[in-house]
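J.:
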Amino acid sequence: MTVPVDAGVDEVREAVDVSGRYRLDPIDKDGKRVEGVPSGYVQITVIERNAASKDELVPTGLTSVDHALREIVRANLELARCNTELAKTVVSRQPDIMTGTAEILRAADGAGLPRREPCAWDDDEHPDDTEDGEAAPEGSPINTIMLQVAPFLQMAQAWLGQKVGMSPAPQPAARRVPARVPSDGAVSADAVTTASDVSEDDAATEPDAAERAPVADIGAHVMHIQAQLTADERRFVEGAVARLTFADMKQWQDQLARMSVKDAVAAIRAEIAKSARPAKAKPAGKPAAINQEKTS
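Counting along the sequence shown from 1, when you hit position 204 you're at 382 in the working numbering, and nothing is skipped either side.
(1) Less than 8 Å between C-beta atoms, sequence neighbours within five positions excluded: which residues of the same chain meet that for T180?
(2) Using a Cβ-Cβ cut-off of 6 Å (strictly less than) and excluding sequence neighbours within five positions of I446, which residues of its own chain qualify?
(3) I need the straight-line Cα distance from K207 to A253, nearest angstrom please.
(4) Taking the alpha carbon of G397 as the reference point, which residue from Q431, I250, T423 and E281 has its own alpha carbon closest?
(5) Spatial neighbours of Q215 within its chain, please: CB distance less than 7 Å, with the 5 preceding and 5 following residues excluded, ordered by chain position.
(6) Give me the Cα-Cα distance between G278 and A298, rounded to the nearest whole angstrom.
(7) If I measure Cβ to Cβ from G218 and keep anything under 6 Å in the same chain, skipping five residues before and after, which residues do I get?
(8) Please list the terminal residues of the continuous alpha helix (DSSP H) segment that includes I486.
(9) With 16 as the cutoff for other CB atoms within 10 Å, does L407 come out buried or exposed?
(10) Candidates R199, A442 and A285: which alpha carbon is nearest H402's?
(11) Could you tell me if L434 is buried or exposed, where buried requires 16 or more neighbouring beta carbons within 10 angstroms of its beta carbon?
(12) The alpha helix (DSSP H) with G417 in it runs from where to where?
(13) What whole-angstrom Cβ distance do I222 and S242 have, given they're in contact under 8 Å?
(14) With DSSP run on the structure shown, which of helix, strand or coil describes I275?
(15) CB R191 to CB I225, shorter than 9 Å?
(16) Buried or exposed for R248, please, with buried defined as at least 16 other CB atoms from any protein chain shown within 10 angstroms of its CB.
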């Protein structure tokens, strides 16, 4: 088969009858192959006439890679269509699935299968508020002072024991001195306060604070002490504890550990009375000068 040199793909397609890959060799006037000139190759697809409509015609000029990509796209479209149909089926069957599940649960309930029993609450463990006994109200000063003081004392004791390695020597606690009545019959404020809070029998029977063994549970001991104080006294203790250092806290802890509840309450009230005692007013200078003039 011979075609002109300037012939295109369409002219070659019209000259051949079978689709395929053709090699084009240059020839001279005698029909012999020209040496030194490379051959050319062309892919020809012959279209069957009246075999299919224009919409179904295979596009020309496509390589094998193009055909593979076209098939992959077609497969993806088919997969998406299948997923859509599956989702529609699941949505349409969901009410039937729920109905079947409910029927299974009813059948299991009627068959006497074991099931979890509800928790039984014992009313005896939760007594009513009308029973005898006082409960500490929420936000009570006792709870507040214990939450602040007891953990702080334990933390200070552990910190001092680990870091310092030794505890300071406990100073002797203040002894309770019985009230003495002066010759003129006047009684000091400290004597009245101490005598009213502690009886003579307790002073005679209880051992000295310096000779008592320290209590094992300082937290419970502080709670008992706080229970004997009033609201104003608790507020005073809260303010005093907030200003203490670690060393002062350790010393105060050792003193409380060696004192009984009554002795500790008496000591706290004595400190409160001492801090609340007003200072003596000094006489003004002008009246003194007037008295001096009258005397002279």
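Yeah, the Cβ is synthetic: ideal placement off N, Cα and C, and Gly gets one too.
T.: Based on what the coordinates show:
(1) I205 and G209
(2) none
(3) Their backbone Cα atoms lie some 53 Å apart in a straight line.
(4) Q431
(5) The residue asked about is misnamed: residue 215 is Val in this sequence, not Gln. Result list for V215: P204, in chain order.
(6) 32 Å
(7) So the qualifying residues of the chain are L202.
(8) Since the first and last residues shown for the chain are 179 and 474, residue 486 lies out of range.
(9) buried
(10) A442
(11) buried
(12) A409 to A420
(13) I222 to S242, Cβ: 15 Å. No contact.
(14) helix
(15) yes
(16) Looking at its Cβ environment, which holds fewer than 16 other Cβ atoms inside 10 Å, R248 is exposed.
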